[in-house]
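Asker: With the first letter of the sequence shown counted as 1, position 112 gets the number 112 in UniProt numbering; the numbers rise by one all the way through.
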Amino acid sequence: MTPEQMELSRLRAENKRYQDDANDAEHVAELRHTAELWSEFGRVENYSASPLPGRDDVVQVSVNSARHDAPEVQAARQRHAQISREVELWLWVEKCFSSGQWAPGFAHDEAFGRAAELSAAQAAGELQSLMPDGGYTDGAIAVPPRPSSVIPTSRRTHNGRRR
């Protein structure tokens, strides 16, 4: 098979996938709704500028839209905030293990507080994770009894990879 034929075959398979999506009315409606919400960011009338208290050199630009107050948008914002907090903790833990020392970014009590918060959300079935079953959180939550005496170390598996 020539490279051109391989590319044509790949494009046909990709097109079939999009055709399948286009035939799914529920999926199309969800995409349309998402596009309508995102289109609010393109409307000039949704933006306002106001002075920033105590600063003469900058202004605060805000976007305000009644559509963004909808419950599903608020739920998405809450989910995004929780995922951001989870990933931020995960990246900090990874830095600690990579460097073999406490990394900047969190004070010990902040890290343990964040871990406890995410652990409680997971236990209550309220964790909004990027990984099924809270995999990021499982990897990031390890609350030792005395945080000031613990220095993270990297453990290696039988094939030399970190775990």
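Note that CB positions come from ideal geometry on N, CA and C, so glycine has one too.
(1) Looking only at C-alpha atoms, which of A123, L127 and V93 sits nearest to A111?
(2) List the DSSP bridge partners of S50.
(3) Indicate whether the contact test is met: 3 or more Cβ pairs, each with one atom in the region 107 to 127 and one in the region 77 to 95, closer than 8 Å.
(4) What are the start and end residues of each continuous alpha helix (DSSP H) run of 4 or more residues lying completely inside the region 71 to 119, in chain order?
(5) Starting from V28, trace the alpha helix (DSSP H) in both directions and tell me its first and last residue.
Answerer: Reading it off the structure:
(1) As a working note, residue 111 is residue 111 in the sequence shown. Closest by alpha carbon: V93.
(2) Residue 50 sits at position 50 when you count from the first residue of the sequence shown. Answer is Q60.
(3) yes
(4) 71 to 99
(5) Position 28 of the sequence shown holds residue 28. Residues A25 to S39.
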